[in-house]
Amino acid sequence: MQNYEVMDITLKQQKIISDPLRGQIISLLAEKPMTSKQTAVELGKNPGTIYYHIKQLYEHGILELDHVETVKGIVEKYYKAKTTLFRGPGGIGEAHRVKNRVPLYLSDTLMDDMQEEMYELFKKYGKKARADKTAKIPCMVEFSITEIQEDKNE
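Read in full-length UniProt numbering, the sequence shown has 53 at position 53, and its numbers run on one by one without any break.
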């Protein structure tokens, strides 16, 4: 099962993950652990470029080392994403292209179900975005559930 935990990130980490290619890497490595070479092949990118980006994501705590294998004397490091759900340090310079909000009454079970469905939707569109070779607009897509404190005096 995937990790649905939201990771609180610093402004520096937010900058690191805001690169569209790094977003693709995070999404791919959330599905299964891979080496930088395997990731490069999957994304159709230069292995050196992908190695650099994976190294940056690892050094900034976004990726973790899953396991290491030695094949014919070559050490292969398999990385995985800690999560694909991030909470940044706050709305600094946010320009929303689309923003939707709806008040709902939800049980803990419904919130868990909604979070799981949204995670699957993020994965689905991550795969579609990787397959889509047309020009892309870099976006940060968020999902959050915020508990509203009801006014008891009403």
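Even glycine gets a Cβ: it sits at the ideal position worked out from N, Cα and C. Predicted model only: the values in this text are computed from it and were never measured.
Does residue i come out as helix, strand or coil in the three-state DSSP assignment?
i    : result
Q14  : helix
K45  : coil
R112 : At residue 112 the sequence reads Asp, which differs from the Arg that was named. D112 falls in the helix class under three-state DSSP.
Y125 : helix
Y105 : coil
T134 : coil
I92  : Residue placement at I92 is poorly supported in this model, since its pLDDT is 44, which falls under 50; the coordinates still yield a value, given next. It is coil, neither helix nor strand.
I148 : coil
Would you call the CB atoms of residue i and residue j closer than 8 angstroms?
i   : j    : result
T83 : M140 : no
H53 : I17  : no
K12 : H60  : yes
L43 : L63  : no
K55 : P47  : no
For residue i, which beta-bridge partners are listed by DSSP?
i   : result
V75 : T70
A81 : L63
F86 : M7
M34 : Y79
Buried or exposed, going by whether 16 or more other CB atoms sit within 10 Å of the CB of residue i?
i    : result
A81  : buried
Y79  : buried
I9   : buried
L65  : exposed
M34  : buried
E117 : exposed
L85  : buried
T146 : exposed
I148 : exposed
T134 : exposed
I137 : exposed
R87  : exposed
Between which two residues does the beta strand (DSSP E) harbouring residue i extend?
i           : result
residue 155 : Only positions 1 to 154 of the chain appear in the structure, and residue 155 is not among them; the question remains open.
Looking at the secondary structure, which residues open and close the alpha helix (DSSP H) in which residue i lies?
i   : result
S27 : 20 to 31
Does the ligand ADP have even one heavy atom less than 7 angstroms from the beta-carbon of residue i?
i   : result
L28 : This structure simply doesn't include the ligand ADP, nor any ligand for that matter.
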